[in-house]
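Numbering (full-length UniProt numbering), first residue to last: 1 to 936.
Worksheet for the structure shown next.
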């Protein structure tokens, strides 16, 4: 006891000592009493004391209470008292004013967390609590839910892992949502909120246990956004299940649950309800509902997942409802801000959604486009800061990957498209860019930057914009007016906004660079800013951006300006500024904390106007060109004149994919040609064999002539002519065959090399190579046989010639000798060609064997993976069967238990005892009978 007081720091006053002695007597009574009523009364007294004397009850009664849960689980009343006592011990929240002084003394001590560690140290305790959830008795189920919730609150990660491995553990918790008693259902929502935080596997199990359907039904039954705190808990649980969980998001979309959210966004058109305003709970519920939609279309999600959800939201009319809230009157400012952010992410990168948003009109007289109305709020310095940030994010999302939208915005700036009787987006942006409010300057500059980002056509169109500065003065181009305003100084946000739009405007646009350099005052201003001494952090940012703008002027310079050619700018930077100083100023931009914060994500999540410095798209531009600028200035990089030197653009990736598709088509055609050439080679070999057979026949005829040498030779012009023609034809066929075999070999090698890269996409390549290997082996064997036969024929012809040379000259005619020599020469040439062909086939066979070995290794690896997958499947089936058997056993046990309970009730009724279905729990009994217990 003293040890726990020393470790946990409990107060040791007289009252605590008296309470500890009472608790000690009660613990002894619980552990030693043989009557259930005595144990029940003692546990009820411990429950009453556990609120005030948590340390004493926790240290002395923890093990005893656990034994009660094990031994007396048949009595729901004592189980309920025990669970309530454990809940009070492990809860860190004061329950009444009477314990304030005690809690003040215990400040800084995590008693609940320490007792929770003791409790969950044995996982069987958590298993026991989960079994109590199967009890329908209110006095057991409700305290169990509360105890599990406080355990998860104190030690979330540890308890999540324990519940995850319990068979049907999560499903038992999900069944609580179907409880007809609202207090249990509502507390189950709190329990599931704690259970699903930050655990993807549990989130998936809960989602696939029909959680979405149940939660949405509860939200609908509770009044949707007009509901109370229960709706808030439901929406928080949905967010836990969907945030950063692509599997659950896909299941939510495929289950048509997005369509079921649509009715919740419908605003009541009743004027009386509008006059009543929005309650604080309704505002909270609408906030959570909008954040739920943003979770599904967040830019951080996989792109295909976001695009699919955006498409569904358009088709089901959810986007239309959001735009209606956007244009409705009486909507609170914070709800309107969150709605604008939600619409921004629903339309971001979706062409069809962007087109719909462009067609939305505000209910004004005359009707104005929603974009114009939003921009009016953005450049109005009287509007809330967070609302202006949301409007800028919406405008950026509208222009993201939307060349049509960019063109529409720039057209409103051109004089041919200007309408004097209406306010356009271009007029609002120019007004904000040159107003006296620095924040409006920054917002308008960034908005214009997004209207021309990665769009060279609109950058050139923007050069045509002319501004009337004053009456009687000639108009000034927008580019020059930005430069003039920049040279006049001003607030930090004004200068940074102007520098960002100038950098984005001149990047990858040599014409804009030429216009900028045509004013001889621009470059000296940049040089003076970069070469100035270092000031505070804000001035360092301006100097770094000026250095970046100067580098862009050099990088995309087409040398049309004689005064500031690329070489001249390089010499100016090296002589006037210095490479080291220029590099330091430029690299300081990316090292700034504001730059790092802006580069994380496109959404503007600033809380104060002073945090507004950089834009997300500008950070991407800076990152892609920083190294190229440094290379160009130092002379180590190549000039790119109007082309970005960074990574490959989207168009380059498209061309690369197209080239790969073309290569795949050529590969398939090559395989077909290879098969055709192989067939032709087989035919040539067959023809060659027939020609060899003809030579054999001619050789046999020579032998016959030798046998009849005594008689005059018979005239054989046909045979003689046939042999000469056949020899010549044979030579041509051999040459053709050699060329075909060489071409086939090259194509096989190319096909093998391409096949290594495309084995996954071309599963037939292995079969083709194996068939080719078999054909090559057969051809090699045939060539060996042909070589042996030709050698034999050569020896026979030599013997024949020797015999003829030893005979008298008049016995054999000169024609016969000439024919024999011709045949001998033809046979030798044939032997030589076939030998070379054999060597070629051997080389092909060697290469094919190497390829076959690679294929065999690949097949072996695939077979191993297949076996592993089959083993895993077998294991999963066994686990499933085990779970089914356990479930069947549980059902049998439940049925037996119900039968026994019915029998016991029948016997009690026969004995004259009154049996009630539900026993009411009176928590105040402990307080009422406390004096009686002390008297005992």
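Where is the CB? At the ideal position from N, CA and C, for every residue including glycine.
Beta carbon of residue i nearer than 8 Å to that of residue j
i           : j           : result
residue 493 : residue 544 : no
residue 299 : residue 601 : yes
residue 346 : residue 387 : no
residue 194 : residue 156 : yes
residue 22  : residue 66  : no
residue 406 : residue 447 : no
residue 253 : residue 170 : no
residue 85  : residue 146 : no
residue 166 : residue 139 : no
residue 537 : residue 590 : no
residue 486 : residue 462 : no
residue 409 : residue 425 : yes
residue 26  : residue 45  : yes
residue 497 : residue 575 : no
residue 547 : residue 585 : yes
residue 184 : residue 141 : yes
Straight-line gap, residue i to residue j (C-alpha atoms, nearest Å)
i           : j           : result
residue 257 : residue 445 : 40 Å
residue 207 : residue 248 : 7 Å
residue 533 : residue 539 : 10 Å
residue 132 : residue 912 : 30 Å
residue 304 : residue 310 : 10 Å
residue 266 : residue 399 : 28 Å
residue 762 : residue 159 : Residue placement at residue 762 is flagged as unreliable, the pLDDT there being 44, under the threshold of 50; the coordinate-derived value follows with that caveat. Approximately 48 Å, taken between the alpha carbons.
residue 844 : residue 629 : 53 Å
residue 427 : residue 411 : 11 Å
residue 327 : residue 392 : 17 Å
residue 308 : residue 579 : 49 Å
residue 359 : residue 367 : 11 Å
residue 808 : residue 693 : Residue placement at residue 808 is flagged as unreliable, the pLDDT there being 46, under the threshold of 50; the coordinate-derived value follows with that caveat. The straight-line gap from Cα to Cα measures roughly 31 Å.
residue 317 : residue 323 : 10 Å
residue 914 : residue 38  : 22 Å
residue 117 : residue 202 : 21 Å
residue 583 : residue 577 : 10 Å
residue 130 : residue 144 : 8 Å
residue 556 : residue 573 : 16 Å
residue 413 : residue 476 : 14 Å
residue 878 : residue 120 : 29 Å
Sequence-distant residues of its chain with Cβ nearer than 6 Å to residue i (five each side left out)
i           : result
residue 236 : 193
residue 78  : 40, 43, 72
residue 948 : The structure shown does not extend to residue 948, since the chain is modelled only from 1 through 936, so no value can be given for it.
residue 137 : 76
residue 297 : 306, 309, 310, 345, 346
Classification of residue i by the beta-carbon crowding that lies within 10 angstroms, buried from 16 upward
i           : result
residue 683 : exposed
residue 330 : exposed
residue 352 : exposed
residue 514 : buried
residue 438 : buried
residue 60  : buried
residue 951 : Because the chain spans 1 through 936 in this model, residue 951 falls outside it and cannot be assessed.
residue 551 : buried
residue 468 : exposed
residue 708 : At residue 708 the pLDDT is 47, less than 50, meaning the model places this residue with poor confidence; the figure from the coordinates comes in the next sentence. Residue 708 is exposed by the Cβ-count criterion.
residue 34  : exposed
residue 29  : buried
Cutoff 7 Å; reference residue i; Cβ partners in own chain excluding five residues on either side
i           : result
residue 354 : 347, 398, 402, 405
residue 314 : 352, 353, 356
residue 559 : 565, 566
residue 259 : 316
residue 480 : 519
residue 57  : 23, 46, 49, 50, 85, 89
Beta-carbon contacts of residue i that lie in its chain and below 8 Å, excluding the five residues immediately before and after
i           : result
residue 549 : 499, 502, 503, 506, 526
residue 621 : 453, 503, 504, 507
residue 209 : 170, 171, 174
Quick check: the region 879–893 against the region 901–911, are there 3 or more CB pairs under 8 Å? no
Is the region 560–580 touching the region 609–628 in the sense that three or more CB pairs, one from each, lie closer than 8 Å? no
Evaluate the contact criterion for the region 282–289 versus the region 330–341: three or more CB pairs, one atom per stretch, below 8 Å. yes
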